[in-house]
Amino acid sequence: MRPAELAAQDDGKQAFGAVMTAASARAHVLAVVRGHWDTSARPPAEQAVTDLLLVTSELVSNAIRHGGGVVAFEAIPARDGIRLTVRDRSPHIPTVAFGSGALPVGHDGGGYGWPLIIKLAYDIVVEPCADGGKAVSVVVPLGTGPEPTG
63 MRPAELAAQD DGKQAFGAVM TAASARAHVL AVVRGHWDTS ARPPAEQAVT DLLLVTSELV
123 SNAIRHGGGV VAFEAIPARD GIRLTVRDRS PHIPTVAFGS GALPVGHDGG GYGWPLIIKL
183 AYDIVVEPCA DGGKAVSVVV PLGTGPEPTG
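In the working numbering, the protein residues as written are 63 to 212.
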């Protein structure tokens, strides 16, 4: 699914209106992970879920801080992880999203979000939306835990 089609699809994985904060986005993502992998013999590794929650927080925090707020949020199981899509009100495409992922030089208290996202996610897409704003979409891989014993 392309981020621009976000508003047109309704498959139960969206959280319009329900996700307005990083905390509510993390709760929604955990519910999607549990709903998709609870019946799996090999659930996602704990570190992978931690990485997923960190990327979720960074994307939503960026939308709130720099994008005029969250317009839509989606977490969809993908082949090897979760595709997160956050839509905000700003048409500004962050050039750092396509950077090297290097940490900022010096410490001014900010600038760590996109380097973390670049390290922990792939298939990063930032697209303007037809009705204004932009959609940021990434896939966070979820490695599986150890083989079950017994």
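C-beta atoms are modelled at their ideal positions from N, C-alpha and C, and glycine is treated no differently.
Check each candidate in the options and name the one with the smallest Cα separation from residue i.
i: G172; options: Y184, D185, L115, V158; result: V158
i: G143; options: G194, S199, N124; result: S199
i: D113; options: P166, V81, L92; result: L92
i: G205; options: S123, V81, G161, A103; result: A103
i: R141; options: H98, A164, W176; result: H98
i: P190; options: I138, G161, S152; result: S152
Does DSSP put residue i in a helix, in a strand, or in coil?
i: I155; result: coil
i: R96; result: helix
i: R141; result: coil
i: S162; result: coil
i: R149; result: strand
Beta carbon of residue i, beta carbon of residue j: below 8 Å?
i: R149; j: A197; result: yes
i: S123; j: G195; result: no
- the stretch 106-113 / the stretch 126-137 touching (three or more Cβ pairs under 8 Å): no
- Item | Whole runs of the alpha helix (DSSP H) within the stretch 167-192, excluding any shorter than 4 residues | 175-182
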